Amino acid sequence: MIHEILRVGVLQCNCSIFGDEETKQAIVVDPGDDLESIHAVLDQHGLKVKSIIVTHAHIDHVAGAAKLRAETGAPVYMNERDSMLLDMLDVQASWLGVETPERTEIDVPAQDGTVLQLGSAEFQVRETPGHTPGSICLWIPRENKLVAGDTLFLDSVGRTDLPGGDGKKIIASIQGQLMNLPPDAVVIPGHGPSTTIGREKRHNPFLQ
Ligand SMILES: [Zn+2]
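Per this note's numbering: the sequence shown = residues 97 to 304.
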């Protein structure tokens, strides 16, 4: 499996591009910005976008989704409980001092039980509300990888002081939905360096 992580936009959101070597299909997670860089990686590997997944509707994760959807025809998967954040993209843009991006449609609701296929690998959606009401993580058993959005970070968890955030829910989501994954599973957070489930279980101060 091809897996490239790009840091996109002013907040350096980790955008993951997964590609299957045989089918040449790709899944792009969190195309927050810098579509030219995303297309360059896709072209470099000869990949065609099959699906776009947005872990939550904060502007730094979702801003490029409508454009990438229009350019590739690929459907956008997102949890519908974050629709209210899509409705306030203009407010989010004013927080960052950037232009308001086009609002994406949600083509397929992403929720517990939603599975995307890429080659022989399954991408399983796990709902992890807390950072936002509709935050999701992606568990890829074959790769032993978790794409965590802004739910779990190295030594930290997502902030819950923005509209729709809930400090109790994010801890419950992590404990209930993520800490049962293998200790050596690699966690790719929405920002910053990767970690593992086991490391965060032992050392993350928010989970002790
Ligand atoms: Zn966020």
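All residues carry an ideal CB built from backbone N, CA and C; glycine is no exception.
Just so it is clear, the structure is predicted and the values come from calculations on it, not from any experiment.
Practice item. Report yes or no: do three or more beta-carbon pairs, one from the stretch 197-217 and one from the stretch 151-164, lie closer than 8 Å? Key: yes
Review point. At a cut-off of 7 Å, is residue 254 close to ligand 1 when judged by its beta-carbon and the heavy atoms of the ligand?
Key: Numbered from 1 along the sequence shown, position 158 holds the residue referred to as residue 254. For ligand 1, at least one heavy atom lies less than 7 Å from the Cβ of residue 254.
**Study point:** Nearest-angstrom Cα separation, counted from residue 218 out to residue 119
**Key:** Against the sequence shown, residue 119 aligns to sequence position 23. Against the sequence shown, residue 218 aligns to sequence position 122. Roughly 14 Å between the two C-alpha positions.
Check your understanding: For residue 246, is the beta carbon positioned less than 7 Å from some heavy atom of ligand 1?
Key -> As a position in the sequence shown, residue 246 is number 150, starting the count at 1. Yes, since a heavy atom of ligand 1 falls inside the 7 Å radius drawn around the Cβ of residue 246.
Exercise for review: Answer with buried or exposed for residue 188, where buried requires no fewer than 16 other C-beta atoms within 10 angstroms of its C-beta.
Suggested key: As a first step, residue 188 is located in the sequence shown; it is residue number 92 there, counting from the start. By the 10 Å Cβ count, residue 188 comes out buried.
**Study point:** Neighbourhood of residue 108 by C-beta, 7 Å cutoff - its chain only, sequence neighbours within 5 removed
**Key:** In the sequence shown, counting from the first residue as 1, residue 108 sits at position 12. Within the same chain, residue 108 has close Cβ partners 287.
**Study point:** Pair within 8 Å by beta-carbon distance, residue 225 and residue 183
**Key:** Here the question's residue 225 lines up with position 129 in the sequence shown. Here the question's residue 183 lines up with position 87 in the sequence shown. Against a cut-off of 8 Å, the Cβ pair of residue 183 and residue 225 comes out as no contact.
Point to revise | Check whether residue 101 and residue 112 have beta carbons under 8 Å apart | key: Stepping through the sequence shown from its first residue, residue 101 is reached at position 5. Stepping through the sequence shown from its first residue, residue 112 is reached at position 16. Their beta carbons are under 8 Å apart, which means residue 101 touches residue 112 by this criterion.
Check your understanding: Over what stretch of residues does the beta strand (DSSP E) that includes residue 174 continue unbroken?
Key -> Sequence index remark: in the sequence shown, residue 174 carries index 78 (1-based). Run containing residue 174: 172-174, per the beta strand (DSSP E) assignment.
Exercise for review: Indicate, with yes or no, if ligand 2 has a heavy atom lying under 7 Å from the CB of residue 261.
Suggested key: Within the structure as shown, ligand 2 is missing, the only ligands being ligand 1.
Exercise for review: Would you list, in sequence order, the uninterrupted alpha helix (DSSP H) runs of no fewer than 4 residues that lie entirely inside the stretch 226-282?
Suggested key: 263-269
Check your understanding: Quick one: what does DSSP say residue 120 is sitting in, helix, strand or coil?
Key -> Taking the sequence shown and counting its residues from 1, one reaches residue 120 at position 24. It is coil, neither helix nor strand.
Point to revise | Cβ shell of residue 143 (< 6 Å), same chain only, five flanking positions each side left out | key: Along the sequence shown, read from residue 1 onward, the residue named residue 143 stands at position 47. Cβ within range, chain order: 115, 120 and 122.
Review point. Quick one, which of 129, 173 and 133 has its alpha-carbon nearest residue 206's?
Key: Working through the sequence shown from its first residue, we reach residue 206 at position 110. Considering only alpha carbons, the answer is 173.
Exercise for review: Can you tell me which of the three DSSP states residue 301 falls into?
Suggested key: Residue mapping note: residue 301 aligns to position 205 of the sequence shown, counting from 1. If DSSP states are grouped into helix, strand and coil, residue 301 belongs with the helices.
Point to revise | Cutoff 7 Å; reference residue 147; Cβ partners in own chain excluding five residues on either side | key: Taking the sequence shown and counting its residues from 1, the one referred to as residue 147 is at position 51. Only 123, 170, 171, 173 and 212 meet the Cβ criterion.
Check your understanding: How many whole angstroms separate the CB atoms of residue 293 and residue 303, which I take to be in contact at a CB cut-off of 8 Å?
Key -> As a working note, residue 293 is residue 197 in the sequence shown. As a working note, residue 303 is residue 207 in the sequence shown. Not a contact, Cβ separation roughly 10 Å.
Practice item. Report, in whole angstroms, the separation of the C-beta atoms of residue 176 and residue 202, which I expect to be a contact under 8 Å. Key: In the sequence shown, residue 176 corresponds to position 80, counting from 1. In the sequence shown, residue 202 corresponds to position 106, counting from 1. Correct: roughly 6 Å between the Cβ atoms.
Check your understanding: Taking all protein chains shown into account, do 16 or more other C-beta atoms lie within 10 angstroms of the C-beta of residue 166, making it buried, or fewer, making it exposed?
Key -> Within the sequence shown, the letter at position 70 stands for residue 166. Residue 166 comes out exposed.
Review point. Helix, strand or coil: how does DSSP classify residue 201 here?
Key: Reading the sequence shown from its first residue, position 105 is the one you call residue 201. Three-state result, residue 201: coil.
**Study point:** Close-in-space but distant-in-sequence residues of the same chain around residue 256 (CB under 7 Å, 5 per side omitted)
**Key:** Walking along the sequence shown from the start, residue 256 turns up at place 160. Taken in chain order, the residues that qualify are 226, 227, 262, 263 and 266.
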